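A.B. asks: Let me begin by handing over the structure; questions about it come next.
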Amino acid sequence: MIDDQPEAAGAAVAETENPIEGVFDGVEHVRGVAKPDSILIVDGMRRRFGGLVAVDVDHLEIQRGAITGLIGPNGAGKTTFFNLLTGFDTPDGGHVELNGASIDGVASHRLAARGMVRTFQLTKALSKLTVLENMMLGAKNQGGESFLRALFSPMWRAREAEVEVQARALLERFKLSHMADEYAGTLSGGQRKLIEMARALMSEPDLVMLDEPMAGVNPALTQSLLGHVKELRAEGRTVIFIEHDMDVVQDISDWVVVMAEGSIIAEGPPGSIAEHQQVVDAYLGTPDAPPGEPLSSETDGVPAAEMESDS
Ligand SMILES: Nc1ncnc2c1ncn2[C@@H]1O[C@H](COP(=O)(O)OP(=O)(O)O)[C@@H](O)[C@H]1O
Ligand SMILES: [Mg+2]
387 MIDDQPEAAG AAVAETENPI EGVFDGVEHV RGVAKPDSIL IVDGMRRRFG
437 GLVAVDVDHL EIQRGAITGL IGPNGAGKTT FFNLLTGFDT PDGGHVELNG
487 ASIDGVASHR LAARGMVRTF QLTKALSKLT VLENMMLGAK NQGGESFLRA
537 LFSPMWRARE AEVEVQARAL LERFKLSHMA DEYAGTLSGG QRKLIEMARA
587 LMSEPDLVML DEPMAGVNPA LTQSLLGHVK ELRAEGRTVI FIEHDMDVVQ
637 DISDWVVVMA EGSIIAEGPP GSIAEHQQVV DAYLGTPDAP PGEPLSSETD
687 GVPAAEMESD S
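What follows is the structure in structure tokens.
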């Protein structure tokens, strides 16, 4: 069982190199700060739901090759922000550049061809398909469309064998080969998280966006997932991940972006964020806190400038 492999996972974590070590030296701990080599640049991104401003991000740059943690209390707008960046929702205004080119209005299924994929907070494995078939859904074809859209294309059949080889290799890497022919519906929650990450890699992305990849998984599997995220960085990929667990954030983030009430309120290396325990308490809440508690009163009590001024 996948959940029983802490040694292997631990070894992977220990061995993985960080090729971008030191890249943030000299980058100010100020929200909106420019990065040495930004893969993603967001400007003036806004999303309203009725009277609620769910996302209002003036400027954010994501360093290429780094692991950036996106944190903030429940309801801060993190998932909505991901949805806007990945074409699953449409902003009321704003611009996004990926690899120097605008991706405004680009549909989610076309973004994989542009190098960007995301996973979901609640995994979306299709339970009536096998694990292997779920993996193959993550592949991109030459037109940049998903497997699902390309199913009836004759071009696809020629590539299918190639895609299957790639899917099986990724299942091997994630130690899920033995599950290839099982229906995804039979997987444990933890195994679904692994499949979700493995499937995201089918399109060989430059930028991987993970929404709470470790939520609800046991400690051994968390270690395994952490190892896989560090491997993505070692391969030169960029990772942005949403996470509640500050130990996880401290462990794998090169840079942390803090969101509250739709806006970026601070950014900096993980150490600079953790120094402010009152901010951690105020902005992150606890994993046990009921959803929909935006902690707005505490937010008001801790000015963002207090975080930014410190290193
Ligand atoms: N489709 C929607 N319709 C209305 N309100 C929404 C919708 N999606 C999110 N929201 C609201 O937007 C805010 C941000 O939610 P979300 O992005 O899920 O936050 P987070 O992921 O940081 O917990 C919340 O107040 C949430 O209730
Ligand atoms: Mg969320």
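Residues in the sequence shown are numbered from 387 upward in steps of one, following this note's numbering.
By construction, the Cβ of each residue, glycine as well, lies at the ideal position given by its N, Cα and C atoms.
Only a predicted model underlies this, so the values are computations on that prediction, with no experimental measurement involved.
#1: Which whole-angstrom value is the C-beta distance of Leu593 and Met521, which I expect to be below 8 Å?
#2: Report yes if the C-beta distance between Val642 and Ile406 is below 8 Å; otherwise report no.
#3: Please report the Cβ distance between Gly575 and Gly602, rounded to the nearest whole angstrom; I am assuming they are in contact, meaning their Cβ atoms lie under 8 Å.
#4: Please determine, among Thr465, Arg496, Leu573, the residue with the shortest C-alpha to C-alpha distance to Lys514.
#5: Is Gly463 near ligand 1, going by C-beta to nearest heavy atom under 7 Å?
#6: Can you give me the start and stop residues for the alpha helix (DSSP H) that Asp633 sits inside?
#7: May I ask you to list the residues that DSSP assigns as paired with Val594?
#8: State the Cα-Cα distance for the pair Ala584 and Met431, rounded to the nearest angstrom.
#9: For Pro599, collect the residues of the same chain with a Cβ closer than 8 Å to its Cβ; drop the 5 residues on either side in sequence, then sort them by chain order.
#10: Per DSSP, Gln449 forms a beta bridge with which residues?
#11: Could you tell me which residues DSSP pairs with Val439 in its beta bridges?
#12: Could you tell me which residues DSSP pairs with Leu456 in its beta bridges?
#13: Quick check: what's the CA-CA separation for Ala652 versus His445?
#14: Shortest alpha-carbon distance to Phe435 belongs to which of Gly461, Ala525, Arg554, Ile448?
#15: By the DSSP assignment, the beta strand (DSSP E) with Ala368 in it spans what residues?
#16: Helix, strand or coil: which one does DSSP assign to His495?
#17: Since Leu562 contacts Val517 with CB under 8 Å, what's their CB separation in whole angstroms?
#18: Given 7 Å as the limit, tell me if Asp444 has its C-beta closer than that to any heavy atom belonging to ligand 2.
#19: With DSSP collapsed to three states, give me the class of Val551.
#20: With C-beta atoms as the reference, is Ala498 less than 8 Å away from Pro591?
C.D. replies: In short:
#1: With a Cβ gap of about 20 Å, Leu593 and Met521 do not count as contacting.
#2: No, the pair does not count as a contact, with Cβ atoms beyond the cut-off.
#3: Contact between Gly575 and Gly602 is confirmed by a C-beta separation of about 6 Å, below the 8 Å threshold.
#4: Checked all of Thr465, Arg496, Leu573; the closest Cα to Lys514 is Leu573.
#5: True, at least one ligand heavy atom lies under 7 Å from that Cβ.
#6: Looking at the DSSP string, the run of the alpha helix (DSSP H) that includes Asp633 is 632-638.
#7: DSSP lists Val503, Val625 as partners of Val594.
#8: Approximately 29 Å, taken between the alpha carbons.
#9: So the qualifying residues of the chain are Thr505, Lys579, Glu582, Met583, Leu611, Val615, Phe627, Glu629.
#10: Ser424.
#11: Under DSSP, Val439 shares a beta bridge with Arg434.
#12: Ile628, Val643, per the DSSP bridge assignment.
#13: Between Ala652 and His445, the C-alpha separation is close to 12 Å.
#14: Among Gly461, Ala525, Arg554, Ile448, the Cα nearest to that of Phe435 belongs to Gly461.
#15: Past the boundaries of the shown model lies residue 368; the chain is included only from 387 to 697, so the question cannot be answered.
#16: Helix at His495.
#17: Between Val517 and Leu562 the Cβ distance is about 7 Å, and since that is below 8 Å, they are a contact.
#18: Between ligand 2 and Asp444, a heavy atom-to-CB distance of less than 7 Å is absent.
#19: Assigned with DSSP and collapsed to three states, Val551 falls in helix.
#20: The criterion of a C-beta distance shorter than 8 Å is satisfied by Ala498 and Pro591.
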